[in-house]
Structure formats: C-alpha cells, structure tokens
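Okay, structure first, notes after.
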C-alpha cells in the first residue's frame, strides 16, 4: 500500500519570500516517497512491535491504501494527522485557491480503517483492523502556519483495540510555547519500509525550534512519507516516555543524508498543545458512556 500526503513539501520561509502561489505549486509537486530529511545519520531501526509503546502504533488505511501512521490514545481511540484522515481533501486544499478547508470536507463520522499488530513474519500484514471514525479534528489548511496547527484528527474505533495493545500517554502541556528539552522518540510505518517487518523507531533526536506559530515544533528526527501521524514522544525525568506531538511534514525533502540540521530542510511536528484539550474532551465523553 502506498500514498503520499500532499502537504509534506513547502518550507515556512517561502510564505514570506516566494508568496502563496509558489508555495501551493510546491505542494502540488511534492517529492517522491523516497525523499526524506535525515540529518547526520539515519538512526531509525525496525523493531518487533511486541513491546509497550511500540505495540500501540499502527497505520491508517483509506480505500485500501496506507495514508499515514496513527497511535492509540485510549482503549477505543487513536490519533493521526488531518491530512492522513482526509487524504484526498487535504490534497485538494493544497492545490486550490486559499479559501480554507473545502466546504465538502467530510464531517465527523468519516470512516477509515486502523490496522495494528504487524505480523513479524509477513511485512505489510497486520493482525487486527478496525473501522475508525473521525470524531474531532483541527481547523487545518496547509497554506498558512496557523492552519497547519490544525493538522490533527481523533479517531474512534469500532473495536477497542487499546484493551489489547495498550495506549500512549499524552503529556499535558504546561505552557503554550513549551519546547521539549528531553530526548525524543518517533514510532511509525514509512512507506519505504513496506517490505520490512516490525515498526520503525528512532530514539535520541531533539526538538530544535518552536514556531513560526505556537503549536509547531521543528525537530531533527528523520522523517519521510508514511510517518505522518506517528507519535513523537519525549523522555521524562522519571524515565517514562510521553507523547508531545505528531509527526506532520518535512520541508524540501531530499534523497541524500544532510551533514547537519538545516532549518530550510527541517522536519515538523504538531505539538500536543494543539489537540490536547480536544483529546481530553473526547476521552471524557467516552468514559461517561456505559460499556
């Protein structure tokens, strides 16, 4: 399965220097799935998804194709990016006039499939799947930094797979401009790893810069197509890992390994501050229902 979200292209500085039409053209001509932003060395390794944290990450499938990664945040809920959940609509938004998210973007209840539990012997095969319905999402648009903070979607699963696979704890933001200081970890399913067993994991990358608006964070974690929607976790003082964001996009991706971190090729996550309150509300509503 393969697909390439159309919002993984334009660098932030282009909005100011080149103007919106050039940025939108860049979004239409995004690089192939092989292009990635990797700094110094590729630290990602494929591991069996049979350990806590790793086993709680899966993929989002739309019309039979993987459109991103996703992770469990409760017994019956998962989180991914908006542009993965609404793949075709996000592509349209990046290539049309900048009028905001199109009027025909599906509303809550939009159905996808969530797959989890990669088979250790058969790459690309997952043990469990569930219908996943979008129950909340951000006010996303790729043509402006503020609109990019809405690149998140909360999914409710018909089958509560979190009871078997566990779910990832999300850090409650203490400040809107909080920049993660500890080591980061990403867990995801890049398209390029479709023939590899297990899940791709990188540990030890770092947050580099916040902005250009609150809710967006530049990171030096390696990122390529298919990783969108995967969790970014920060190691806490007590040694525990907590979700601090979602892998979102790579700016000006290249096919070579970059010798050092470069802002114009930065990779970006949506900080948990952008979706934490919505997530709390959705989980609280679920907790109040009879089982």
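Residue numbers (this note's numbering): 10 to 300. Note that the Cβ used here is the ideal one computed from N, Cα and C, for glycine as well. From a predicted model like this one, the values you see are computed outputs, not experimental measurements.
Annotated three-state conformation of residue 84 is coil, per DSSP. Rounded to whole angstroms, residue 206 and residue 126 show a C-alpha spacing of 11 Å. Remark: C-beta atoms of residue 74 and residue 211 do not approach each other more closely than 8 Å. Counting only the Cα atoms, residue 224 lies some 6 Å from residue 282. In this chain, the alpha helix (DSSP H) harbouring residue 93 covers 91-94. Per DSSP, residue 173 is one residue of the alpha helix (DSSP H) stretching across 171-174. Within the same chain, Cβ atoms closer than 6 Å to the Cβ of residue 83 are found at 171, 176 and 292, the five residues on either side in sequence being excluded. Going by beta carbons, residue 267 and residue 46 fall inside the 8 Å limit. Close CB contacts of residue 65 within its chain, under the 7 Å cut and outside five residues either way in sequence, are with 80, 81, 174, 175, 176 and 177 (chain order). Contact between the region 273-281 and the region 247-265 is present, with at least three C-beta pairs closer than 8 Å. Approximately 13 Å separates the beta-carbon atoms of residue 238 and residue 200; this is outside 8 Å, ruling out the contact. With contacts defined as CB atoms closer than 8 Å, residue 90 and residue 162 qualify as a contacting pair.
When only Cα atoms are considered, residue 121 and residue 76 end up about 10 Å apart. The beta-carbon separation of residue 285 and residue 182, rounded to 6 Å, stays under the 8 Å limit for a contact.
In the assembly as shown, residue 220 is an exposed residue. Its beta-carbon has fewer than 16 other beta-carbons within 10 Å. In the DSSP annotation of this structure, the continuous segment of the alpha helix (DSSP H) that includes residue 154 starts and ends at 154-157. In the structure shown, the three-state DSSP call for residue 292 is helix. Annotation for residue 244: the continuous beta strand (DSSP E) segment containing it runs 240-244. For residue 230, the closest of 290, 192 and 222 by C-alpha to C-alpha distance is 192.
Inter-residue distance for residue 290 and residue 140 is about 21 Å (C-alpha atoms, whole angstroms). Membership of residue 161 in any beta strand (DSSP E) is not indicated, and neither H nor E is assigned to it by DSSP. Where residue 130 is concerned, there is no enclosing beta strand (DSSP E), because DSSP gives it neither an H nor an E.
In this structure, residue 146 lies away from residue 87, with their beta-carbon atoms at least 8 Å apart. When secondary structure is reduced to three states using DSSP, residue 216 falls in the strand class. Under the three-state reduction of DSSP, residue 62 is assigned to coil, being neither helix nor strand. Per DSSP, residue 200 lies in no beta strand (DSSP E) segment and is marked neither H nor E. When the five nearest sequence neighbours on each side are left out, the beta carbons in the same chain lying within less than 6 Å of the beta carbon of residue 138 are those of 122 and 124, in order along the chain. Its chain contains 209 as the residues whose beta carbon lies nearer than 6 Å to that of residue 202, once the 5 sequence neighbours on both sides are disregarded; these appear in chain order. In this structure, the beta-carbon distance from residue 228 to residue 276 falls below 8 Å.
For residue 142, the enclosing beta strand (DSSP E) covers residues 135-146.
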